[in-house]
Amino acid sequence: MTGRSRPLRADAARNRAKLLDAATAVFGERGLDAPLEQIARHAEVGIATLYAHFPSREALVAAVLPGRLAAVDQLGGVALADPDPWRGFTGFVVGLFALRAQDRGLNDALAEWVAADSEIVREACQRGLDLAEKIIERARLDGRLRSDFTSADLSTIGRAMAHVINESTEATASEWRRCLTFFLDGLRAHPADADSPATTGHPV
1 MTGRSRPLRA
11 DAARNRAKLL
21 DAATAVFGER
31 GLDAPLEQIA
41 RHAEVGIATL
51 YAHFPSREAL
61 VAAVLPGRLA
71 AVDQLGGVAL
81 ADPDPWRGFT
91 GFVVGLFALR
101 AQDRGLNDAL
111 AEWVAADSEI
121 VREACQRGLD
131 LAEKIIERAR
141 LDGRLRSDFT
151 SADLSTIGRA
161 MAHVINESTE
171 ATASEWRRCL
181 TFFLDGLRAH
191 PADADSPATT
201 GHPV
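Residue 204 is where the sequence shown ends in the UniProt record's numbering, and the numbering goes up by one at each step.
Structure (C-alpha coordinates):
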(Lines of atoms letter the chains of each structure in order from A and count residues from 1; the text may use other names and numbers.)
(Lines give C-alpha, C1' and ligand atoms only; values in the text may rest on other atoms or scores of the structure.)
Protein backbone atom coordinates (compact mmCIF):
# COMPACT_ATOMS: atom_id res chain seq x y z
CA MET A 1 0.00 0.00 0.00
CA THR A 2 1.17 3.52 -0.66
CA GLY A 3 0.76 6.58 1.55
CA ARG A 4 1.15 4.59 4.77
CA SER A 5 4.36 3.94 6.66
CA ARG A 6 4.89 0.29 7.45
CA PRO A 7 5.17 -0.67 11.12
CA LEU A 8 8.75 -1.20 12.25
CA ARG A 9 10.05 -4.71 12.73
CA ALA A 10 10.56 -5.63 16.38
CA ASP A 11 14.35 -5.25 16.18
CA ALA A 12 14.06 -1.93 14.35
CA ALA A 13 11.58 -0.66 16.93
CA ARG A 14 13.98 -1.65 19.72
CA ASN A 15 16.84 0.17 18.00
CA ARG A 16 14.73 3.29 17.57
CA ALA A 17 13.77 3.26 21.25
CA LYS A 18 17.42 2.77 22.25
CA LEU A 19 18.46 5.68 20.04
CA LEU A 20 15.82 7.97 21.55
CA ASP A 21 16.92 7.05 25.07
CA ALA A 22 20.56 7.57 24.13
CA ALA A 23 19.87 10.91 22.46
CA THR A 24 17.94 12.11 25.51
CA ALA A 25 20.88 11.20 27.76
CA VAL A 26 23.69 12.51 25.53
CA PHE A 27 21.94 15.72 24.47
CA GLY A 28 21.06 16.28 28.12
CA GLU A 29 24.69 15.94 29.18
CA ARG A 30 26.47 17.61 26.27
CA GLY A 31 23.90 19.79 24.49
CA LEU A 32 22.40 19.61 21.02
CA ASP A 33 25.82 19.77 19.33
CA ALA A 34 26.85 16.43 20.84
CA PRO A 35 28.44 14.06 18.28
CA LEU A 36 25.89 11.71 16.75
CA GLU A 37 28.52 8.97 16.85
CA GLN A 38 28.47 9.20 20.64
CA ILE A 39 24.71 8.75 20.62
CA ALA A 40 25.03 5.68 18.40
CA ARG A 41 27.68 4.21 20.73
CA HIS A 42 25.52 4.92 23.75
CA ALA A 43 22.64 3.09 22.05
CA GLU A 44 25.00 0.24 21.08
CA VAL A 45 24.16 0.54 17.39
CA GLY A 46 26.13 1.66 14.37
CA ILE A 47 25.99 5.18 13.01
CA ALA A 48 24.31 3.81 9.86
CA THR A 49 21.46 2.53 12.02
CA LEU A 50 21.08 5.97 13.56
CA TYR A 51 20.82 7.60 10.14
CA ALA A 52 18.38 4.94 8.97
CA HIS A 53 15.97 6.07 11.67
CA PHE A 54 16.90 9.76 11.81
CA PRO A 55 18.40 11.07 8.55
CA SER A 56 19.64 14.29 10.16
CA ARG A 57 20.50 15.79 13.52
CA GLU A 58 17.40 17.97 13.21
CA ALA A 59 15.19 14.90 12.81
CA LEU A 60 16.65 13.35 15.96
CA VAL A 61 16.27 16.58 17.93
CA ALA A 62 12.66 16.90 16.75
CA ALA A 63 11.95 13.37 17.99
CA VAL A 64 13.50 13.94 21.43
CA LEU A 65 12.74 17.50 22.47
CA PRO A 66 8.91 17.63 22.55
CA GLY A 67 8.94 15.06 25.35
CA ARG A 68 11.40 17.16 27.33
CA LEU A 69 9.41 20.32 26.66
CA ALA A 70 6.32 18.64 28.11
CA ALA A 71 7.93 19.14 31.52
CA VAL A 72 7.70 22.90 30.95
CA ASP A 73 3.96 22.54 30.33
CA GLN A 74 3.64 20.69 33.64
CA LEU A 75 5.49 23.47 35.46
CA GLY A 76 3.16 26.00 33.89
CA GLY A 77 0.09 24.12 35.00
CA VAL A 78 1.33 24.09 38.59
CA ALA A 79 2.11 27.82 38.44
CA LEU A 80 -1.34 28.74 37.11
CA ALA A 81 -3.00 26.61 39.79
CA ASP A 82 -1.10 28.37 42.61
CA PRO A 83 -3.46 30.80 44.40
CA ASP A 84 -0.49 33.14 44.95
CA PRO A 85 0.41 34.60 41.50
CA TRP A 86 3.88 35.83 42.54
CA ARG A 87 4.76 32.48 44.07
CA GLY A 88 3.44 30.77 40.96
CA PHE A 89 5.58 33.01 38.76
CA THR A 90 8.79 32.57 40.76
CA GLY A 91 8.19 28.84 41.12
CA PHE A 92 7.75 28.54 37.36
CA VAL A 93 10.92 30.52 36.60
CA VAL A 94 13.07 28.65 39.12
CA GLY A 95 11.66 25.31 37.99
CA LEU A 96 12.26 26.21 34.34
CA PHE A 97 15.92 26.98 34.89
CA ALA A 98 16.35 23.93 37.11
CA LEU A 99 15.16 21.83 34.15
CA ARG A 100 17.57 23.66 31.87
CA ALA A 101 20.47 23.11 34.27
CA GLN A 102 19.70 19.39 34.36
CA ASP A 103 19.36 19.09 30.57
CA ARG A 104 21.87 20.93 28.36
CA GLY A 105 19.91 19.99 25.26
CA LEU A 106 16.76 21.60 26.62
CA ASN A 107 18.83 24.63 27.62
CA ASP A 108 20.18 24.95 24.07
CA ALA A 109 16.74 24.55 22.53
CA LEU A 110 15.07 27.17 24.70
CA ALA A 111 17.91 29.64 24.17
CA GLU A 112 17.76 29.43 20.37
CA TRP A 113 14.27 28.09 19.68
CA VAL A 114 13.31 30.82 17.19
CA ALA A 115 16.07 29.60 14.87
CA ALA A 116 15.23 25.91 15.30
CA ASP A 117 15.09 23.93 12.06
CA SER A 118 12.21 21.82 13.33
CA GLU A 119 8.70 23.23 13.19
CA ILE A 120 7.74 20.71 15.87
CA VAL A 121 10.35 22.18 18.23
CA ARG A 122 9.37 25.77 17.41
CA GLU A 123 5.69 25.04 18.04
CA ALA A 124 6.44 23.31 21.35
CA CYS A 125 8.60 26.23 22.49
CA GLN A 126 5.95 28.74 21.41
CA ARG A 127 3.36 26.91 23.53
CA GLY A 128 5.70 27.26 26.50
CA LEU A 129 6.13 30.97 25.80
CA ASP A 130 2.35 31.47 25.56
CA LEU A 131 1.98 29.68 28.89
CA ALA A 132 4.66 31.89 30.42
CA GLU A 133 2.78 34.99 29.27
CA LYS A 134 -0.32 33.86 31.19
CA ILE A 135 1.77 33.27 34.32
CA ILE A 136 3.43 36.67 33.94
CA GLU A 137 0.10 38.43 33.39
CA ARG A 138 -1.29 36.97 36.63
CA ALA A 139 1.71 38.23 38.61
CA ARG A 140 1.55 41.67 36.96
CA LEU A 141 -2.15 42.05 37.75
CA ASP A 142 -1.45 40.97 41.33
CA GLY A 143 0.85 43.99 41.63
CA ARG A 144 4.03 42.25 42.72
CA LEU A 145 5.69 41.86 39.31
CA ARG A 146 6.96 44.86 37.39
CA SER A 147 4.17 46.20 35.20
CA ASP A 148 6.49 46.45 32.17
CA PHE A 149 7.79 42.86 32.31
CA THR A 150 6.78 40.57 29.40
CA SER A 151 7.50 37.09 28.10
CA ALA A 152 9.99 38.69 25.69
CA ASP A 153 11.96 39.87 28.73
CA LEU A 154 11.85 36.35 30.13
CA SER A 155 13.34 35.10 26.85
CA THR A 156 16.14 37.68 27.17
CA ILE A 157 16.87 36.53 30.71
CA GLY A 158 16.77 32.97 29.40
CA ARG A 159 19.49 33.65 26.85
CA ALA A 160 21.67 35.23 29.52
CA MET A 161 21.05 32.37 31.94
CA ALA A 162 21.84 29.83 29.21
CA HIS A 163 25.45 31.00 29.25
CA VAL A 164 25.61 30.87 33.04
CA ILE A 165 24.24 27.33 33.01
CA ASN A 166 26.60 26.19 30.25
CA GLU A 167 29.61 27.58 32.12
CA SER A 168 28.60 25.94 35.40
CA THR A 169 30.34 22.82 36.65
CA GLU A 170 29.42 20.44 39.45
CA ALA A 171 31.58 22.55 41.76
CA THR A 172 29.77 25.76 40.77
CA ALA A 173 26.28 24.38 40.23
CA SER A 174 24.77 26.93 42.63
CA GLU A 175 25.95 29.89 40.53
CA TRP A 176 22.93 29.87 38.23
CA ARG A 177 20.60 29.90 41.24
CA ARG A 178 22.46 32.86 42.73
CA CYS A 179 22.30 34.72 39.42
CA LEU A 180 18.59 33.96 39.01
CA THR A 181 17.91 35.24 42.54
CA PHE A 182 19.32 38.62 41.53
CA PHE A 183 17.14 38.66 38.41
CA LEU A 184 13.99 37.81 40.38
CA ASP A 185 14.69 40.42 43.05
CA GLY A 186 14.96 43.01 40.28
CA LEU A 187 11.58 41.99 38.88
CA ARG A 188 9.61 42.90 41.97
CA ALA A 189 7.30 45.86 41.44
CA HIS A 190 8.49 48.98 43.24
CA PRO A 191 8.03 52.75 42.79
CA ALA A 192 11.40 53.23 41.12
CA ASP A 193 10.57 50.97 38.15
CA ALA A 194 10.67 53.81 35.62
CA ASP A 195 13.84 55.38 37.06
CA SER A 196 16.07 52.32 37.12
CA PRO A 197 19.76 53.14 36.48
CA ALA A 198 19.73 50.50 33.75
CA THR A 199 17.11 52.44 31.76
CA THR A 200 18.10 56.03 32.58
CA GLY A 201 21.86 55.68 32.26
CA HIS A 202 22.33 57.19 35.71
CA PRO A 203 25.30 55.90 37.71
CA VAL A 204 24.50 53.15 40.19
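Note that CB positions come from ideal geometry on N, CA and C, so glycine has one too. Since the model is a prediction, treat every value here as computed from it, not as a measurement.
Got a sec, what are the start and stop residues for the alpha helix (DSSP H) residue i sits in?
i           : result
His42       : Leu36 to Ala43
Ala13       : Ala10 to Arg30
Arg188      : Neither: Arg188 is in no alpha helix (DSSP H) and is coded neither H nor E.
residue 224 : Residue coverage of the chain in this structure runs from 1 to 204, which leaves residue 224 outside it and unanswerable.
Leu99       : Pro85 to Gln102
Asp142      : Glu119 to Asp142
Arg162      : The amino acid occupying residue 162 in the given sequence is Ala; Arg does not appear at that position. Ala162 -> alpha helix (DSSP H) spans Ser151 to Glu167.
Thinking residue i and residue j are a contact (beta carbons under 8 angstroms), I'd like their distance in whole angstroms, please.
i      : j      : result
Arg144 : Ala111 : Actually they are not in contact, since the Cβ atoms of Arg144 and Ala111 sit about 27 angstroms apart, beyond 8 angstroms.
Ala135 : Gly76  : Note that residue 135 is Ile in the sequence shown, not Ala. With a Cβ gap of about 6 angstroms, Ile135 and Gly76 count as contacting.
Val32  : Asp108 : Checking the displayed sequence, the identity of residue 32 turns out to be Leu instead of Val. Their Cβ separation, rounded to whole angstroms, is 4 angstroms, which keeps Leu32 and Asp108 in contact under 8 angstroms.
Is the closest heavy atom of the ligand MG to the C-beta of residue i under 6 angstroms?
i      : result
Arg178 : Because no ligand of any kind appears in the structure shown, any question about the ligand MG cannot be addressed here.
Relative to the alpha-carbon of residue i, which residue among the options has its alpha-carbon at the smallest distance?
i      : options                        : result
Leu96  : Leu129, Pro83, Ala81 and Asp82 : Leu129
Ala63  : Lys18, Glu29 and Val94         : Lys18
Arg16  : Val93, Glu29, Glu37 and Ala43  : Ala43
Leu69  : Ser174, Leu106 and Asp148      : Leu106
Arg140 : Ala40, Arg188 and Ile157       : Arg188
Ala162 : Glu175, Thr150 and Asp84       : Glu175
Leu184 : Asp117, Phe89 and Asp21        : Phe89
Ser151 : Ser118, Val93, Gln38 and Gly28 : Val93
Leu180 : Gly28, Leu131 and Gly91        : Gly91
Arg146 : Ala48, Asp21, Trp86 and Glu58  : Trp86
In this structure, how does DSSP classify residue i when only helix, strand and coil are distinguished?
i     : result
Leu80 : helix
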